[in-house]
């Protein structure tokens, strides 16, 4: 009798939790739509680009359990590919971003085929080594203009109609791409494919015993993560109208790991909050005398010591979060 009563309460709570989540999403969307009229649009666009970057990285770390130190290659590589396509070849912005994503996907496939054969720290070190090889290619290549980078990348006209040189138009374009990227990640995570990725993360040997080709699933997740990272990188090149070596350094890979851990790995919205914290600290401390890296490091240490699951992860695991119907993988 008690068991049936508990199930009835759970079923009654489920629609309430779904309604709450829908309401929170609508509120966040409304805030994002209103934000450029109250805050500096360039700062907001940078935040959205890095939020998408962190969410794409989390698809690999949080849902597949693979720690990559080489995601800067996809982010910066896509920035170069998009910038070159738009500036030199005259591509419209939407095709430039698609080309950047395609380039990142090819890089991801090549790096994944090499790295996926190893596990744990060996996988991480191989991705770092391959990323550094790509960095040195960018330093020497005339395609990237070396240390000068690609400058004065035109934003162009979206579909030949909307002038993206207008900051407001550009912001809403960035927001639309961000929402598309997040929707794709949500769909991947909540698909049967995503369920298999989680099973590989939890117990790889059991997934193998069930007949799944674990290496293929890992490679697919790696390429998907690289492609969505490329979407963020290409977008960033259009926002700031340049692509430089900073985008492909190992420090950039470290930053996205920091963002993801701060927000909470294995949560859809956690990396977005983590990116918001890091980008905000960088933005507001840049003009102060405080060293940004030290402050960011202190915040990271505090988070590791006090919030082992990340900020959003700890909230989901708290009594309030559970009572509201949240769980670590939503």
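Residue numbers (our numbering): 1130 to 1459.
Just so you know, even glycine gets a beta-carbon here, dropped at the ideal spot from N, CA and C.
Sufficient close CB pairs (3 or more, under 8 Å) joining the stretch 1301 to 1315 to the stretch 1380 to 1395: Because the criterion of three Cβ pairs below 8 Å is not met, the stretch 1301 to 1315 and the stretch 1380 to 1395 do not touch.
Three CB pairs or more closer than 8 Å across the stretch 1324 to 1337 and the stretch 1218 to 1231: The stretch 1324 to 1337 vs the stretch 1218 to 1231: no contact.
Run of the alpha helix (DSSP H) containing residue 1420, from where it starts to where it stops: It is not in any alpha helix (DSSP H) - residue 1420 carries neither H nor E in the DSSP assignment.
Spatially closest choice to residue 1264 from 1213, 1206, 1162, by CA coordinates: For residue 1264, the closest alpha carbon among the candidates 1213, 1206, 1162 is that of 1206.
Neighbourhood of residue 1408 by C-beta, 7 Å cutoff - its chain only, sequence neighbours within 5 removed: In the same chain as residue 1408, and ignoring 5 residues on each side of it, the C-beta atoms closer than 7 Å to its own belong to 1175, 1176, 1179, in chain order.
Which residues DSSP lists as bridging residue 1372, in chain order: By DSSP's assignment, residue 1372 forms a beta bridge with 1279.
Same chain only: Cβ atoms within 7 Å of residue 1292, ignoring 5 sequence neighbours per side: Correct list, in chain order: 1286, 1298.
Between the CA atoms of residue 1162 and residue 1301 - distance to the nearest angstrom: Roughly 8 Å separates the two Cα atoms.
Residue 1412, enclosing alpha helix (DSSP H) - first and last residue: Element bounds for residue 1412: 1399 to 1414.
7 Å Cβ shell around residue 1192 - same chain, five flanking residues per side excluded: Once the five neighbours on either side are set aside, the close Cβ partners of residue 1192 are 1318, 1323, 1326, 1327, 1330, 1395.
Sequence-distant residues of the same chain with beta carbon closer than 8 Å to residue 1183, five excluded per side: Excluding residues within five positions, the ones whose Cβ falls inside 8 Å are 1385, 1388, 1389, 1392, 1400, 1401, 1403, 1404.
Contact set for residue 1141: own chain, Cβ-Cβ below 6 Å, skip 5 residues either direction: Residue placement at residue 1141 is poorly supported in this model, since its pLDDT is 44, which falls under 50; the coordinates are not used for a value here.
The stretch 1354 to 1365 in contact with the stretch 1228 to 1239 per 3-pair CB rule at 8 Å: Touching, yes.
Backbone CA spacing between residue 1376 and residue 1370 [nearest angstrom]: Between residue 1376 and residue 1370, the C-alpha separation is close to 13 Å.
Pair within 9 Å by beta-carbon distance, residue 1197 and residue 1429: Going by C-beta atoms, residue 1197 is not nearer than 9 Å to residue 1429.
Buried or exposed (CB count within 10 angstroms, at least 16 for buried), residue 1441: By the 16-neighbour rule on beta-carbons within 10 angstroms, residue 1441 is buried.
Residue 1209 classed as buried or exposed, judged by whether at least 16 other C-beta atoms fall within 10 angstroms: By the 16-neighbour rule on beta-carbons within 10 angstroms, residue 1209 is buried.
Where residue 1257 sits in the DSSP three-state scheme: Look at residue 1257 here: in three-state DSSP terms it is helix.
CA-to-CA distance, residue 1340 to residue 1412, given in whole angstroms: Approximately 48 Å, taken between the alpha carbons.
Collapsed DSSP secondary structure at residue 1287 in the structure displayed: Correct three-state label for residue 1287: strand.
Contacting residues, own chain, Cβ-Cβ under 6 Å from residue 1194 (five flanking each side not counted): For residue 1194, where only same-chain residues beyond five positions count, the Cβ hits under 6 Å are 1330.
Cβ shell of residue 1214 (< 8 Å), same chain only, five flanking positions each side left out: Annotation for residue 1214: 1220, 1224, 1225, 1228, 1229 place their beta carbon closer than 8 Å to its own, counting only its chain and skipping 5 residues before and after.
Option nearest residue 1378 by Cα separation, candidates 1398, 1157, 1260, 1253: Looking from the CA of residue 1378, the closest CA among 1398, 1157, 1260, 1253 belongs to 1260.
Closer than 8 Å: residue 1204 CB and nearest the ligand ADP heavy atom: Here there are no bound small molecules, and the ligand ADP is not part of this structure.
Residue nearest to residue 1316 in terms of C-alpha spacing, selected from 1282, 1364, 1262, 1353: Ranked by how close their Cα comes to the Cα of residue 1316, the residues 1282, 1364, 1262, 1353 have 1353 in first place.
CA-to-CA distance, residue 1410 to residue 1417, given in whole angstroms: Going from the Cα of residue 1417 to the Cα of residue 1410 covers about 11 Å.
N-terminal and C-terminal residue of the alpha helix (DSSP H) that residue 1465 is part of: No answer is possible for residue 1465: it lies beyond the span of the chain, which begins at 1130 and ends at 1459.
CA-to-CA distance, residue 1160 to residue 1135, given in whole angstroms: Low local confidence applies: a pLDDT of 42 at residue 1135 is under 50, so the model's placement there is unreliable, with the coordinate-based value given in what follows. Each residue's alpha carbon lies about 37 Å from the other.
Proximity to residue 1346 [Cα-Cα], best of 1269, 1367, 1321, 1288: Relative to residue 1346, the option among 1269, 1367, 1321, 1288 whose CA is nearest is 1321.
Buried or exposed (CB count within 10 angstroms, at least 16 for buried), residue 1273: With 16 or more other Cβ atoms within 10 Å, it is buried.
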